[in-house]
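Inspection log for the structure reproduced underneath, given as structure tokens.
Protein chains: 2
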Amino acid sequence: MTKYVYEFHEGNGKMRELLGGKGAGLAEMTNLGISVPPGFTLTTDICTYYYEHGQSYPAELETEVKAALAEVERVMGRKFGDPNNPLLFSVRSGARASMPGMMDTILNLGLNDKTVEGLAQITGNPRFAWDSYRRFVTMYGDVVLGLKPTSKTEEDPFEVILERVKQEAGAPFDTDLSTQDLQRLVKLYKDEIKQKLGLDFPEDVHQQLWGAIGAVFGSWMNDRAIAYRKLYEIPASWGTACNVQTMVFGNRGETSGTGVGFTRDPALGTNQMYGEFLMNAQGEDVVAGIRTPRPISELAIAMPDSYKQLVEIRDKLESHFRDMQDFEFTIEEDKLWMLQTRTGKRHPFAAARMAVDMEAEGLISEKEAVLRPEADGMAAFLAPIFDSKAKAQAIKDGNLLAEGLPAGPGGAFGRVVFNATDAEAWKARGEKVLLIRKFTSPEDIRGMDAAQGILTAQGGMTSHAALVARQMGKVCIVGCAALNIDYEKAEMVVNNHIIKEGDWLSIDGFTAEVILGQLPTTPSEVLQVFAGQRKAEDSKTYQQFIKLITWADKYRRLEVWTNADTPKQAEQAVQLGAQGIGLCRTEHMFFEGDRIHYVRRMILSDTKEEREEALAFLFPMQKQDFIGLYKAMKGFPVTIRLLDPPLHEFLPSREALKPEAFKEKVSQIAKELGVTEEVIEERIEALHESNPMLGHRGCRLGVTFPEISQMQIRAIIEAACEVAKEGLPVQPDIMIPVVGTVQEMKYFAEMSRRIADEIIARYGVELHYLVGTMIELPRACVVADKIAQYAEFFSFGTNDLTQTACGISRDDTKGFMAAYVEKEIFASDPFQKLDREGVGELMKMAVSKGKATRPDLQIGICGEHGGEPTSVEFCHTIGLDYVSCSPLRLPVARLAAAQAALKEALGEKEK
Amino acid sequence: MTKYVYEFHEGNGKMRELLGGKGAGLAEMTNLGISVPPGFTLTTDICTYYYEHGQSYPAELETEVKAALAEVERVMGRKFGDPNNPLLFSVRSGARASMPGMMDTILNLGLNDKTVEGLAQITGNPRFAWDSYRRFVTMYGDVVLGLKPTSKTEEDPFEVILERVKQEAGAPFDTDLSTQDLQRLVKLYKDEIKQKLGLDFPEDVHQQLWGAIGAVFGSWMNDRAIAYRKLYEIPASWGTACNVQTMVFGNRGETSGTGVGFTRDPALGTNQMYGEFLMNAQGEDVVAGIRTPRPISELAIAMPDSYKQLVEIRDKLESHFRDMQDFEFTIEEDKLWMLQTRTGKRHPFAAARMAVDMEAEGLISEKEAVLRPEADGMAAFLAPIFDSKAKAQAIKDGNLLAEGLPAGPGGAFGRVVFNATDAEAWKARGEKVLLIRKFTSPEDIRGMDAAQGILTAQGGMTSHAALVARQMGKVCIVGCAALNIDYEKAEMVVNNHIIKEGDWLSIDGFTAEVILGQLPTTPSEVLQVFAGQRKAEDSKTYQQFIKLITWADKYRRLEVWTNADTPKQAEQAVQLGAQGIGLCRTEHMFFEGDRIHYVRRMILSDTKEEREEALAFLFPMQKQDFIGLYKAMKGFPVTIRLLDPPLHEFLPSREALKPEAFKEKVSQIAKELGVTEEVIEERIEALHESNPMLGHRGCRLGVTFPEISQMQIRAIIEAACEVAKEGLPVQPDIMIPVVGTVQEMKYFAEMSRRIADEIIARYGVELHYLVGTMIELPRACVVADKIAQYAEFFSFGTNDLTQTACGISRDDTKGFMAAYVEKEIFASDPFQKLDREGVGELMKMAVSKGKATRPDLQIGICGEHGGEPTSVEFCHTIGLDYVSCSPLRLPVARLAAAQAALKEALGEKEK
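Order-wise, the sequence lines are chains A and B. Just so you know, this note's numbering puts 516 at position 516 of the first sequence, and the rest follows in order with no gaps. Just so you know, this note's numbering puts 1330 at position 330 of the second sequence, and the rest follows in order with no gaps.
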């Protein structure tokens, strides 16, 4: 028989799937001998059952809950609903993965008009009892009964009543309310519920409990939770558990309090306990971010004993869980109770730094340090930061608006918006925005995702804003009390400055400074060290970065190459670990300087001879480009793709430009080339394509205009020969784009080898070069065995392969991609994460067919997926030789490649 | 050891691959006891060797040729190069497949200044001897030595000299030239060769022979031959043979002659010997089409004995070869010699009719009759013909210009052009052209292919023009002597009418009438019978058509469905054998009448509600459409595809229209819909796509606007229920377009079944329907096993599948497709013939994966390949259930399907 209810001591930390994260953490702490208020967990199986059976419970549940309740009553020596000695409970959700603030919580459950008197009596504190009661009525009324604002602009109905009572009582703060005021509040709340919903507030404590349980399971499918799961790819099938726990009170006066914390700094990764507390308060006050709490270090002064205990528990938790924990505690009349522990979310930057530290502390192994951080987080080490001189100047100029708490490192600027919907909308039309809120709530996550950075007036380091921002890797400042936000006017007043919606603002997530205008940015510390602008020994960040990435390199099998078109990019890529250039787009070179002039002359040519004349001008320039690239790559392979885009891309576009701008551009080009405007317009007309993505491009250009390919091949090989003549190592690889048939590959391989071998013989040098192809058409995958007869390497162009395999133009997804991800037709955008099932299957086919023909076929990927961790993992799995990505994604790819290798080894061990 | 030379009696008719068609035919005739001038064949192996060894011959060749020569000398009792009793030869190419006029021929080889005297002496006819000599020098000078016009406008240098000598001699015709004139000609020709080429004409007969052999093998790679092979997909690797045959002379006076013929009429298929002859002439005079010969029936009067022999041989050949033969003969002083026999090329229309006749005659079996005609030829039975009333009126109006010989049946009109290059160029810019030439030559084939029809002033039914036109299935009239063509002026005078380039002309290939202007056309005889406008018993064509197609239906396994959008199309399709509708494009219905108004209202809707309101107007119209279709299809399945094209196709296109036209259209629509022009333009802007082929279309529309799909599904099923309520049979199938993922299929299958089952229950009828999908994306092929979980049928949309698999937009091939076919990167345009290697492989994958999941999965094809014979064969091979094509292609598909089944059975038998 399935067991549906676990008392805390019956579970353990490994039972996350069944008990959820919170339940498993409470069980583990209980077993570790840490004081945890007793209680029990309703398993995630119930949630699954609930949704599979029309929102009803298994028959045996009621009996099991009764038994668990009785056991808690026995341990505590109090009774649930006993008017004389009442036992109170909190009821909270707790899924397998943490979903901060997404689902619902009820505190002080078990209070009614009778038990409140009992609580008053046993605590000797009627004010406390009634304060607890009015809080319970508020939460229950909102969460279980559903009395909520009916629109975004409407205020919370409970808040309205509270404000009115405070005003009438002349009480500026909640704490100034008297017992009578609180009694009146409870009555007014209940009246409001009766009036608005036609419901009587339940006096029966069991009815209260089942209502709360229903709300918890129900909250698994609320819009916020669904949106959150989508964002973090949490399957709906996991379900949530529900924890019923004895209430302890942090609001029983000045010897009570409550707090939350992290065993390390979750924003910067520093190894020190980090957190906040509020005296005489309940836990939700801290997490909600409504009151700005005090830093945890001050607890040492406020309650030294509790602080000491907390430090001990912190050490116990870290050494037990071997990872940073995020915890909640409550102090009830000097007694410390732990309410939660779980692996804490951290900024990706902190995750990487922390992993390095923990290895040094001996807490985790080197492999664990490599496996732990999300590979994507490596990008944070390279993200631009504010230019220090410019910032100093801005501050000198009086542009420092305010300071808050640093909750997400990095520098970000954007135009100010005051709500999440605007953030999404502005982003959609191409604006950079900063989202500014009094505090954020789960409804805001999409907007947070759309923003460059987040700034809140209230809340601490563990507030919703801070937590979510860290997880998203966003720049974030919280608790910036100086902000005076007026949502209705869409503006805020900050130290006498008025900041309106749309104004530019900069926020520094390292220092928590809020600065007027757009601050110029500068390369990150790591890049500064690489550029020689900062000493390695002065940058702990750099040292940690190097340590982690060096470890990663020990474990990865995949090589990591880069997509680069200039010597400068190539140099940076080599510093960042590139072992080759996987894609040099020669067309990029065609746009530089006055080259476009010759390119246009070539396009306007009517004969091969005219074309060759124009190409003769381009030849020495391309050759110089390649010499530069080869030298920068110091002998690593340099894969150069022949001209790829359709020729019309080099002429003005009637669709992209407004009519006047188009006319003007045409007229300018006509003048430059000494032809009439009609000639230009006619050529534009002739080159126009309905679907340029599927048009006259790639190797098709070289079939119709072989002289273009010939010029490029000559430039590639002559450049290499000249470098070789200087005695420098060089490895040029010629890549043919958009190949779909073996005949194309044969045509270009023969052309390339004929030209190359002739040049090499002429120079009399030793030169190793390869001729291969992009695999970017489904047909190429299908006939990969044949193509491999002539191709010495394959490089998956997964951007185009995704477009053609899925029949989706990357430029034309605006109308449906959001709906597709929303409706789970795509698990994620296939242009961001490689579509393993479809595109991936074609890749596997190409790999296996290609290798069948040519066992030593070199295979890589140069689509943008090459820098995306899950795609890198897939490339590892199917046995590619390298991934190629943009220079700044190299550390991500290196770590992802190492993680893929380590996971594979672990998986094999498990087998 | 390889044998390189076969005397005629050593070979046989089955050795086509080795001896070429001509060589095999000569061998077979020799063995049949038909009188054939003795000779020998140099095999195609030599041709292959020649091109693989830098144009040199195998070492043993010379010895073998010598031996064969000696044997002929022995049989003929004459000697090659003997001044007293010279043996003369013809040297001709002869490939495995007939390539009329593509390669070179030399006659009278073995004449020189000495042997000419010997020939004069033994024939007693010096004029004949010198006439033969001057012909030989002309041919050899042109073909072997290469004295040709250097430009298209330059006249043939031999012709120039001939004209001069004729003028000086006062001789209007060649036959008026005296022996002295001819002697002078030979001298002048040789001088010209010496002067222009610096070569002495070879006196050594062996040097002559090897020169001629070299020219024959060399001609395999001349431009014309290459172009011809491309057109008819003849591999270059086949090579040509070379036949060396004793000369017999049709030009030895009034008891000599030469002719060519067919055992039946190759244009109309009638069972009567067909051909032409010239008295006192050599064979090339007939084939070249320069002199208009006399019909073969007149030979009965001119040379009754030879005619009788010829009729006997004709019967012998037909009963021996069991197929129509095309033959050449020469009568030398009353002795009939056969020079060639081979299976004759025929107009596709004739091929079909002939097959039916031959079965009736007991010459071939029913299966052979089905296998023999090219399936494409069935389209000729349905091609429009001229409207008889209109033609009568045109003739009454004096618009009948002239009459010629009917060489290709059908009615065609077009604008007059006078050379092949123009025909190609005009066609390329979208014009319909008629190609008019004095006579055609192999250089003209591309232009002939580009023309609607061909009209020549000279040449008979076996002239180059007639032969090629028949093979291409073109409408053609030859030998229309009234045409007086002036190439330089680009005009012709015909019975006092001046016809200039660009004028419209009509030609009737059945009656050989040339008529001024564009004659209106009318449906073909077969379609007239179907339409009840002509009685079946009055139309032999109809009867033959029905007979053949009925046989075909006995043998085919594939069902044949149709693509139809209207009841009228559906009715015609059923008459033409459709067993279902494989594709009804609902968007076609959206354009009819005032519907486009509501479609546009829907597109301009901002909310679901507005969209639903517009859709409510469309619903009853769509429903009526479907009722009409169902009734027309009488219970056959009707596969209806949900809306497919991107919505912008229903609004004016800024790219397709000129700015003013666009403005005007927008303004008109704005007025109609009662909105501003800005609203329309903004929506057009918003819907604009870079690659609409890969954009927001197909089922993607239904994911974002489910209400559109829902309306269509409702209309499909309600219409079916109403038809069923009337007690009529009906089978509606719902087809989801552009599916790439199982999630899409699931979404639409569930939506369809939910809506359908609700409606069916409401109507209380029995209704069987299927839900399935187009397979038109590579990804769909890859995940076909998953898609088949929800799809009850697959229908390959091979147009789009080809576009996506090959990454080629069908609309954008203009820049490179010609070069691709030219350079043999594609064997043929993959949009015309299914690309088996690429697209076909994906189809096989989809079939096997789909059937693995759902063994009874129904699979068809509804792309345009469904009516193309080689593609139909492929569909048969991979086990599809049906092909669906446009109504007029149904007979082609039926015959192709039968041929595929029969070929498969033959193939299995062979195993």
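For glycine and all other residues, C-beta sits at the position ideal for the given N, C-alpha and C.
So residue i and residue j are in contact, right, with Cβ under 8 Å, and what is the actual spacing, rounded?
i	j	result
B:Asn1799	A:Asp812	Actually they do not touch by this definition, with Cβ atoms about 19 Å apart.
A:Gln208	A:Asn251	Rounded, the Cβ-Cβ distance is 20 Å, inconsistent with contact.
B:Met1378	B:Ala1369	Between B:Ala1369 and B:Met1378 the Cβ distance is about 13 Å, and since that is not below 8 Å, they are no contact.
A:Ile485	A:Ala457	6 Å
A:Gly124	A:Pro83	Contact doesn't hold; Cβ gap of about 16 Å is too wide.
For a contact defined as C-beta to C-beta under 7 Å, what are the partners of residue i on chain B?
i	result
A:Ile808	Leu1694
Considering only the beta carbon of each residue, do residue i and residue j sit closer than 8 Å?
i	j	result
A:Ala466	A:Gly459	yes
B:Thr1802	B:Pro1778	no
B:Pro1646	B:Glu1689	yes
B:Gly1577	B:Arg1894	yes
A:Gly257	A:Gly275	no
A:Glu318	A:Thr263	yes
B:Leu1519	B:Ala1390	yes
B:Asp1757	B:Lys1849	no
Grab me the residues of residue i's own chain with a C-beta within less than 7 Å of its C-beta, minus the 5 sequence neighbours each way, in chain order.
i	result
B:Met1625	The sequence shown places Asp at residue 1625 of chain B, not Met. Cβ neighbours of B:Asp1625 beyond the five flanking positions: Met1589.
B:Asp1113	Glu1203
A:His865	Thr798, Leu834, Ser871
Using a Cβ-Cβ cut-off of 6 Å (strictly less than) and excluding sequence neighbours within five positions of residue i, which residues of its own chain qualify?
i	result
B:Ala1508	A quick correction: the sequence has Asp, not Ala, at residue 1508 of chain B. Correct list, in chain order: Phe1386, Gly1411.
B:Ala1791	Met1745, Gly1772, Thr1773
B:Ala1490	Phe1418, Glu1501
What would DSSP say about residue i, mapped onto helix, strand or coil?
i	result
A:Gly598	In the sequence as displayed, the identity of residue 598 of chain A is Tyr instead of Gly. Reduced to three states, the DSSP call for A:Tyr598 is helix.
B:His1688	coil
B:Ala1095	strand
B:Gly1211	helix
B:Leu1801	helix
B:Glu1276	strand
B:Cys1480	coil
A:Ser319	helix
B:Glu1062	helix
Name the chain A residues that come within less than 7 Å of residue i, Cβ to Cβ?
i	result
B:Asp1829	Near B:Asp1829 there are no residues of chain A at all, since even the closest Cβ is about 13 Å away, more than 7 Å.
B:Gly1819	The sequence given here places Ala at residue 1819 of chain B; Gly does not occur at that position. What B:Ala1819 touches in chain A: Val703, Thr704.
With 8 Å set as the bound, which would you pick, yes or no: does the beta-carbon of residue i sit closer than that to a beta-carbon of chain E?
i	result
B:Thr1741	Among the protein chains in the structure shown, which are A and B, there is no chain E.
Within the same chain, show all residues whose beta-carbon is closer than 8 Å to that of residue i, passing over the 5 residues directly before and after it, in chain order.
i	result
B:Lys1196	Leu1147, Pro1157
B:Lys1432	Phe1413, Gly1414, Arg1415, Gln1452
For a contact meaning CB atoms closer than 9 Å, what does residue i contact in chain A?
i	result
B:Ile1861	In chain order: nothing, as chain A lies at least about 18 Å away.
B:Tyr1747	Lys823, Ile825
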